[in-house]
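In this note's numbering, the protein residues as written are 6 to 225.
Notes to accompany the following structure.
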């Protein structure tokens with residue numbers, strides 16, 4: 006493959022996944038893509054950015070909704086996605102943008118089925134961040150000025166949408182340990198501890214890769 010270091014981060018709402026991704030990128034001196042991916046996908050695909058924001062990690066099975074929202078893409082007849090349903094247009098545009106990013110640079114990508122889009126790249130490290138409900142509620146209360154009850158409801162609804170999106174488009178299950186290389190609980194390690202654990206995993210994987218190369222040379 007191209008040798009770029011790409012870390013994808015799936016995360017539960019309130020687990021600190023976005024912040025962990027940002028801090029990890031800072032430590033590695035690479036870029037972190039979260040919402041920035043939407044604008045980039047819109048630019049590369051020629052589709053309206055509003056489409057990506059309306060569909061962001063929220064698949065819809067509503068034919069009427071897709072029909073109405075699809076009017077936003079009128080005028081972009083040069084797009085290769087013009088004859089597809091709305092949700093497929095958005096997903097495939099993001100899918101291609103993620104793959105293009107990974108081919109050009111080392112980076113951290115948060116959410117949006119990035120691990121699935123890059124499943125055939127052995128250099129990609131897929132991570133899932135979870136946390137205890139109490140800590141997730143405290144995080145959302147602090148960030149959004151909600152009551153604990155409303156924060157918990159917000160968390161459950163957000164995670165349900167993320168799971169639906171991931172399960173709908175990938176052949177894996179959101180949050181299942183078998184779907185990722187590394188699963189970490191930020192309640193047990195803190196955000197900084199999770200960053201350190203991921204960095205250590207990267208080092209271990211690099212050593213393992215070097216050992217395999219050495220063994221291959223010996224066998225030749």
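Heads up, the beta-carbon is just placed ideally off N, CA and C, and yes, glycines get one too.
Only a predicted model underlies this, so the values are computations on that prediction, with no experimental measurement involved.
Inset, instruction - Going by CA-CA distance only, name the one from 108, 40, 58 and 56 that's closest to residue 10. - result: Translated into positions along the chain shown, residue 10 becomes position 5. If we check each option's Cα against that of residue 10, 108 comes out closest.
Legend entry - Cutoff 7 Å; reference residue 61; Cβ partners in own chain excluding five residues on either side: Residue mapping note: residue 61 aligns to position 56 of the chain shown, counting from 1. If the five residues before and after residue 61 are omitted, its C-beta is found closer than 7 Å to the C-beta atoms of 43, all from its own chain and listed in chain order.
Legend entry - Meets three-Cβ-pair contact criterion under 8 Å: the stretch 28-45 and the stretch 136-147: Too few Cβ pairs lie closer than 8 Å, so no.
Inset, instruction - Report yes if the C-beta distance between residue 200 and residue 32 is below 8 Å; otherwise report no. - result: On the chain shown, residue 200 is found 195 positions in, with the first residue counted as 1. On the chain shown, residue 32 is found 27 positions in, with the first residue counted as 1. Yes, the pair counts as a contact, with Cβ atoms nearer than the cut-off.
Legend entry - Span separating the alpha-carbon of residue 197 from that of residue 28: Against the chain shown, residue 197 aligns to sequence position 192. Against the chain shown, residue 28 aligns to sequence position 23. So the two alpha carbons sit approximately 8 Å from each other.
Legend entry - Run of the alpha helix (DSSP H) containing residue 22, from where it starts to where it stops: The residue labelled residue 22 in the question sits at position 17 within the chain shown. Under the DSSP assignment, residue 22 falls in the alpha helix (DSSP H) whose first and last residues are 22-33.
Legend entry - Local conformation of residue 53 per DSSP, three classes: Walking along the chain shown from the start, residue 53 turns up at place 48. DSSP places residue 53 outside both helix and strand once states are collapsed to three, so it counts as coil.
Inset, instruction - Put residue 180 into one of helix, strand or coil per three-state DSSP. - result: As a first step, residue 180 must be located in the chain shown, where it is residue number 175. When secondary structure is reduced to three states using DSSP, residue 180 falls in the coil class, being assigned neither helix nor strand.
Legend entry - Cross-strand partners of residue 129 (DSSP beta bridge): Numbered from its first residue, the chain shown carries residue 129 at position 124. When beta bridges are read from the DSSP output, residue 129 appears opposite 11.
Inset, instruction - Leaving out five residues on either side along the sequence, give the residues of the same chain with a beta carbon under 7 Å from the beta carbon of residue 73. - result: Counted from its first residue, the chain shown places residue 73 at position 68. Confidence is the limiting factor: at residue 73 the pLDDT is only 38, short of 50, which leaves the residue's position unreliable and the question unanswerable from this model.
Legend entry - residue 117 classed as buried or exposed, judged by whether at least 16 other C-beta atoms fall within 10 angstroms: Numbered from its first residue, the chain shown carries residue 117 at position 112. So residue 117 counts as buried.
Legend entry - One or two residues paired with residue 196 in a DSSP bridge: On the chain shown, position 191 is the one that residue 196 refers to. In the DSSP output, where bridge partners are listed per residue, residue 196 has none listed.
Inset, instruction - Find out if the Cβ-Cβ distance for the pair residue 174, residue 121 is shorter than 8 Å. - result: As a working note, residue 174 is residue 169 in the chain shown. As a working note, residue 121 is residue 116 in the chain shown. For residue 174 and residue 121, yes; Cβs fall inside 8 Å.
Legend entry - Beta-carbon contacts of residue 100 that lie in its chain and below 6 Å, excluding the five residues immediately before and after: Start at 1 with the first residue of the chain shown, and residue 100 comes out as number 95. Same-chain partners within the cutoff: 122.
Legend entry - Where the beta strand (DSSP E) containing residue 104 begins and where it ends: For the purposes of this step, residue 104 is identified with residue 99 of the chain shown, where counting begins at 1. Counting along the chain, residue 104 falls outside any beta strand (DSSP E), though it belongs to the alpha helix (DSSP H) covering 91-109.
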